[in-house]
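Residue numbers (this note's numbering), protein chains in the order written: chain A, 1 to 220; chain B, 221 to 440.
Everything below concerns the one structure shown next.
Protein chains: 2
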Amino acid sequence: MRPLTVCAALEDDEVRALAEITQTLRVEAGKTIFSEGDAAEAMYNVTSGTVKLYKLLPDGRRQITGFLGSGDFLGLSFDDTYAYSAETVTVAALCRFPRRKMEAVLDAFPKVQRRLFSMATTELAAAQDQMLLLGRKTAKEKICSFLMMLSQRAGRRGQKENPVFVPMSRADIADYLGLTTETVSRTFTQLKTSGVISLQEGNKIRLGNLDAIYDMAEGI
Amino acid sequence: MRPLTVCAALEDDEVRALAEITQTLRVEAGKTIFSEGDAAEAMYNVTSGTVKLYKLLPDGRRQITGFLGSGDFLGLSFDDTYAYSAETVTVAALCRFPRRKMEAVLDAFPKVQRRLFSMATTELAAAQDQMLLLGRKTAKEKICSFLMMLSQRAGRRGQKENPVFVPMSRADIADYLGLTTETVSRTFTQLKTSGVISLQEGNKIRLGNLDAIYDMAEGI
DNA sequence: CGATCCGTTGAGGTGCGTCAACGGGAGTGG
DNA sequence: CCACTCCCGTTGACGCACCTCAACGGATCG
């Protein structure tokens with residue numbers, strides 16, 4: 001239970017209080033955890049695997065607003081319905097916190113709340129980066145930003161930084177970056193041809209020169 | 221001091237603690253409040269006027285990540301530098317909370333923290349809406365979404381909903397919606413010609429049929 | 001009354017979307 | 001074990017929504 005990110009820097013009784021209201025669950029790849037508009041009865045913490053969050057337009061156009069990995073939170077909301085849908089990309093393990101009980105814990109343990117607040121502001125900063133990407137970057141810059149993001153996150157989680165593991169489909173990447181699958185595919189081959197990246201077995205991508213990719217991501 | 225949004229539902233001593241560390245300031249239109257990368261020494265609360273937040277790419281491309289009005293917060297960050305720049309659109313009044321003192325208040329008054337947390341999650345939901353807009357909507361849908369957003373916000377603040385006051389320039393709107401000024405201008409004239417909106421004196425826009433505009437914003 | 005800024009409009013170009021075809025891998029069923 | 005289907009990723013041909021470049025008029029200001 002300990003390496004649960006919410007629990008970093010918490011006292012034992014706080015961790016115990018959280019553990020008491022927790023249910024753990026395992027979800028297959030490609031399954032819906034909850035859908036936009038559902039009653040927001042719980043929040044979740046990803047402990048393993050990858051989860052995607054997305055919003056839909058009435059005609060089916062989709063925008064993936066984030067990919068979550070271990071330690072990330074979903075369902076943080078002060079509304080009574082979810083504002084987005086959540087679906088697993090790979091098999092995933094989740095901790096489920098019923099909302100009412102969670103709110104009681106928040107009231108009792110300000111440190112837990114402080115931690116969640118800090119995570120929310122971090123996510124807000126990430127959201128602003130993503131807006132810059134969606135509104136102002138070219139396809140190549142988007143793909144390079146995406147690869148850098150995956151690499152940096154893997155590093156922060158103590159996983160391999162360089163052959164980056166990319167578990168999501170081209171369609172998911174496209175819907176995350178505001179592109180089509182075709183453009184994603186074409187851009188990958190373009191980067192492959194120019195020797196910047198190379199695709200490996202098992203959905204892994206080797207990044208040639210990290211600094212060069214970073215510069216491309218920033219449009220330099 | 222009372223109608224300061226952070227202070228809604230707070231006890232008197234909490235309000236007093238906040239008031240004690242507050243400095244109020246007035247900023248001219250078009251002035252920088254802080255810039256991306258500056259040491260994050262304070263957070264601010266807008267009490268009147270409009271403020272824009274933005275991020276830049278090295279070559280000058282700009283993405284405005286939000287327009288703030290009275291009650292909104294800026295500078296919420298657990299990093300020690302600002303992740304974005306903030307600039308006034310109109311004359312604005314701000315409350316300034318030095319970071320260190322603010323953190324002491326947060327520790328002393330969990331309710332204040334709870335309120336800020338709630339505001340952060342609300343902003344996060346807005347950010348996800350904006351990602352959907354930037355990644356998947358057409359120019360017309362973007363403009364209609366923008367007008368609806370302005371109208372709804374004005375309503376929430378008790379200001380006029382229908383001739384919407386639009387204080388920002390075409391360039392600002394373009395950088396907020398991921399478009400160019402020319403496209404913004406052309407889309408406005410297109411909406412004007414089809415009778416959906418009409419431009420009025422003093423940067424006001426009259427919305428013809430709110431339901432129709434809402435449908436256009438959602439791509440229906 | 002020149003200078004500057006802003007919004008608008010036109011003409012032309014292009015990055016990415018759309019549509020279509022194809023190949024490979026995975027699952028399925030005989 | 002082989003057909004068959006389905007899904008995914010890739011590639012090509014073509015079109016278009018939006019960008020780029022350019023010009024112009026009105027407002028504001030010294």
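Even glycine gets a Cβ: it sits at the ideal position worked out from N, Cα and C.
Fair warning: this is a prediction, and the values are worked out from it, not measured in the lab.
**Selection from A:Val-46, A:Leu-207, A:Glu-218 that minimises the alpha carbon distance to A:Glu-161** = Check the Cα spacing between A:Glu-161 and each of A:Val-46, A:Leu-207, A:Glu-218: the tightest is with A:Leu-207.
**Residues of the segment 327-341 of chain B with Cβ closer than 8 Å to any Cβ of chain A, in chain order** = Residues of the segment 327-341 of chain B that bring their beta carbon within less than 8 Å of a beta carbon in chain A comprise Asp-327, Pro-330, Gln-333, Arg-334, Leu-336, Phe-337, Ser-338, Ala-340, Thr-341, in sequence order.
**Prompt:** In chain order, what residues of the same chain lie with their CB nearer than 6 Å to the CB of A:Gln-29, ignoring the 5 residues before and after it?
**Reply:** Per the sequence shown, residue 29 of chain A should be read as Ala rather than Gln. Taken in chain order, the residues that qualify are Thr-88, Thr-90, Val-91.
**Request:** Taking A:Lys-52 as the query, report the chain B residues whose CB atoms sit under 9 Å from its CB, ordered along the chain.
**Result:** In chain order: nothing, as chain B lies at least about 12 Å away.
**Request:** Between the Cα of A:Phe-34 and those of A:Val-15, A:Ile-64, A:Ala-86, spot the shortest distance and give me the residue it belongs to.
**Result:** Closest option to A:Phe-34, Cα to Cα, is A:Ala-86.
**Asked** When the Cα atoms are used, what is the spatial distance from B:Val-332 to A:Thr-183?
**Response** Roughly 46 Å between the two C-alpha positions.
**Asked** Along the chain, which unbroken stretches of the alpha helix (DSSP H) at least 4 residues long are found entirely within the segment 125-194 of chain A?
**Response** Within the segment 125-194 of chain A, the runs of alpha helix (DSSP H) that reach at least 4 residues and sit entirely inside it are, in chain order, 139-156, 170-177, 181-193.
**Item:** Sheet register partners of B:Arg-282 (DSSP bridge)
**Value:** DSSP, once it has assigned bridges, lists B:Leu-276 as partnering B:Arg-282.
**Asked** How is A:Glu-103 classed by DSSP in three states: helix, strand or coil?
**Response** Of the three classes helix, strand and coil, the one that applies to A:Glu-103 here is helix, per DSSP.
**Message:** In whole angstroms, give me the CA-to-CA distance for A:Glu-36 and A:Ile-64.
**Reply:** When rounded, the separation of the alpha-carbon atoms in A:Glu-36 and A:Ile-64 is 12 Å.
**Prompt:** Residues of chain B with a CB under 8 Å from the CB of A:Ile-173: which are they?
**Reply:** In chain B, no part has a C-beta under 8 Å from the C-beta of A:Ile-173; the shortest such distance is about 12 Å.
**Request:** Give every residue of the same chain whose Cβ lies closer than 8 Å to the Cβ of B:Ala-391, excluding the five residues on either side of it in the sequence, and list them in chain order.
**Result:** Around B:Ala-391: Thr-401.
**Same chain only: Cβ atoms within 7 Å of A:Lys-55, ignoring 5 sequence neighbours per side** = The beta carbon of A:Lys-55 is closer than 7 Å to those of Glu-36, Gln-63, Thr-65, Tyr-84 in its chain, skipping five residues each way along the sequence.
**Prompt:** Assuming A:Leu-147 contacts B:Gly-355 under a Cβ cut-off of 8 Å, what Cβ separation, rounded to an integer in Å, is found between them?
**Reply:** Not confirmed; about 18 Å, so no contact.
**Asked** Using a Cβ-Cβ distance under 8 Å, would A:Pro-58 count as near chain B?
**Response** Closer than 8 Å: yes.
**The alpha helix (DSSP H) enclosing A:Val-15, as first and last residue numbers** = First-last of the alpha helix (DSSP H) with A:Val-15: 12-20.
**Message:** Within 8 Å of any Cβ in chain A, is that where the Cβ of B:Asn-423 sits?
**Reply:** Under the 8 Å criterion on CB atoms, B:Asn-423 is classed as non-interfacial with respect to chain A.
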